[in-house]
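Those protein sequence lines, which keep their order, are chains A and B.
So for the first sequence, our numbering puts the first residue at 1; every next one is plus one.
So for the second sequence, our numbering puts the first residue at 158; every next one is plus one.
Protein chains: 2
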Amino acid sequence: MEYKVEKLKVNYKTLEEFKRFKEYGLQELSMLEDLQANIIDNDSESPFYGIYFGDLLVARMSLYKVDAKFNRYFEPPHDFLELWKLEVIPDYQGKGYGKALVEFAKKMNLPIRTNARMKSKDFWKKMGFESVTYDMARDRGENPLFWFPENFSQKEI
Amino acid sequence: MEYKVEKLKVNYKTLEEFKRFKEYGLQELSMLEDLQANIIDNDSESPFYGIYFGDLLVARMSLYKVDAKFNRYFEPPHDFLELWKLEVIPDYQGKGYGKALVEFAKKMNLPIRTNARMKSKDFWKKMGFESVTYDMARDRGENPLFWFPENFSQKEI
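Below, the structure written as structure tokens:
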């Protein structure tokens, strides 16, 4: 089945929908405050992408392009995408929504980094993500996983 | 009640005990591999501190000193401690073990940064930690909280 992935706009409706997701945190609270204080406009761009089932937001993720100069993972340095807050609400899990979001991110043809929960590691493996060598100063307890576009040549550092 | 906080050594016994903690991840797996491959010696230093109840490791945390030059949080730049994997095993929660570990970290007299779960925010607030202004490029979905030693003057950026 094909799902339509949409870039989510920052507005009160979306921010209300975000409360259904477990990973609601400082990022969302900060967007809400910025909207309330008119620091950002209604319907501003957000780093979130999502999938609706009818009117209901059932899956979402955040994507952010990290500049090559902040790359501490591979040589030569190269921009990569950071993916976080990938989440599908409970009744809609196991139906390919998470996969659809990750496939969408892959189409941007940049390496993707994510910090995985250990219990979600099988999912990421199936999606072609692989572990890096742990480096405490850099990773500080995270479980970084990377996916690389085909023919992308890199040397992990 | 006073608890004795110990710096944990990397050895097979400790790594086996770590499996009781939910946040077991790449960091622990990497320590195990390094030990198995003789990359590190038995009883090497680890970034972990813990509290034993008799023979049982009931609480632990990781601490790492981040050099001022990597500080993207306050001006003037200053070393700070990163605290992660603070965890008390289920039957021992609510008895002050977590607090004892955090108090131990505070005695090092450096600012402390942690990335908090939203549901643990009340605990961190009680421990004197405060939110920073969210910055997507820097924080990427994290919920950073800081504690500052008394008389520590800084300007958040």
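Even for Gly, the Cβ is constructed at its ideal location relative to N, Cα and C.
No experiment lies behind these values; they were computed from the predicted model shown.
- What do you get for B/ASN300, buried or exposed, if any count of 16 or more other CB atoms within 10 angstroms of its CB means buried? buried
- Query: A/LYS69 CB to nearest chain B CB: under 9 Å?
  - Reply: no
- Message: To test your reading of the DSSP string, which unbroken beta strand (DSSP E) runs of 3 or more residues are found completely within the segment 46 to 92 of chain A?
- Response: 56 to 66 and 80 to 88
- Leaving out the 5 sequence neighbours to the left and right, which residues in its chain are closer than 6 Å to B/TYR249 when beta-carbon positions are compared? VAL215
- Item | Cβ shell of B/VAL245 (< 6 Å), same chain only, five flanking positions each side left out | ALA216, TYR254 and GLY255
- Item | C-beta contact flag for A/GLY141 and B/SER219 at 9 Å | yes
- Item | Anticipated Cβ contact below 8 Å, B/LEU258 with B/TYR206, distance rounded | 6 Å
- Coil, strand or helix - B/LYS164 by DSSP: strand
- For A/PRO144, which residues does DSSP report across the bridge? A/ASN115
- Under the three-state DSSP convention, the category A/SER131 falls into: strand
- Task: Would you verify that the beta carbon of B/LEU165 is, or is not, closer than 9 Å to some beta carbon of chain A?
- Result: no
- Query: Mind checking B/ALA225: buried by the 16 CB within 10 Å criterion, or exposed?
  - Reply: exposed
- Item | C-beta atoms of B/VAL289 and B/TYR230 nearer than 9 Å | yes
- Flag A/TYR24 as yes if its beta-carbon sits less than 9 Å from any beta-carbon of chain B, otherwise no. yes
- Task: Please state if the CB of B/ARG270 and the CB of B/LEU240 are separated by a distance shorter than 9 Å.
- Result: yes
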